[in-house]
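So for the sequence shown, numbering that gives the first Met the number 0 puts the first residue at 0; every next one is plus one.
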Amino acid sequence: MTQSAATSVRQPLTLEKITVREGRIELVVCLADGCYQKTDPTLIAACLKRYPTLADHACKNPRGKTFAAVMNNTSTPHLLEHLIIDAQMRSLQGVASHEDTYLMGTTEFLPGDPLRAHVIVSYYDDLVGLAACKDACEFLNACLIQRATQS
Ligand SMILES: [Zn+2]
């Protein structure tokens, strides 16, 4: 079987659709394969190096009140949601007019489709929000590719 290099570089995670609405960005996140669906402690350790406040995020989940309660075993789109929020919060540091800014998000897999999730994140500035989506997606893809080559 031959496969050209160009067709084999499909990213683990693709932002299939991006919709900017009033106060929130809605993403359809597509996974290239089921092997990219879940986080693990190694992946999270890599993310914490670049997104150090990730674990402290408020997060509605069955196991606790922060993202730390589930981050080592959750879906990668849920991780992406928190990476996007973290990136936006970091860009706000030291901006006095945004001291009270509170950003939140939700992640839900599309019914009957284990490879597609609907991620919604709020933003305070649409361009900062979009840049955070792009950066977080690129970073997570790099981590997932590294994990795939190591296992
Ligand atoms: Zn969460």
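Where is the CB? At the ideal position from N, CA and C, for every residue including glycine.
Taking buried to mean at least 16 other C-beta atoms within 10 Å of its own C-beta, is residue i buried or exposed?
i	result
V28	buried
V94	exposed
L26	buried
A5	Confidence at A5 is low in this model, with a pLDDT of 49, below 50, so its placement is unreliable and the value that follows should be read with caution. That one is exposed.
E80	buried
G104	buried
T106	buried
Y50	buried
L109	exposed
T148	exposed
T18	exposed
A135	buried
L126	exposed
A116	buried
Looking at the structure shown, is residue i part of a helix, part of a strand, or coil, going by DSSP?
i	result
Y54	According to the sequence as given, residue 54 is Ala; it is not Tyr. Residue state, collapsed to three classes: helix.
R23	strand
L109	coil
T41	helix
V69	coil
T100	coil
R9	coil
L91	helix
L30	strand
Report yes if the C-beta of residue i is less than 7 Å from at least one heavy atom of ligand 2; otherwise report no.
i	result
N72	Ligands present in the displayed structure are limited to ligand 1, and ligand 2 is not among them.
Contact defined as beta carbons within less than 8 Å: I believe residue i pairs with residue j. What is the distance between those atoms, to the nearest angstrom?
i	j	result
Y122	L102	7 Å
Segment contact flag, the segment 13-27 with the segment 46-64, C-beta cutoff 8 Å, min 3 pairs: no
For the segment 74-89 against the segment 115-132, do three or more pairs of beta-carbon atoms, one drawn from each stretch, fall closer than 8 Å, so that the two count as touching? yes
Between the segment 74-82 and the segment 138-146, do at least 3 Cβ pairs fall closer than 8 Å? yes
Between the segment 55-69 and the segment 30-37, are three or more C-beta pairs nearer than 8 Å? no
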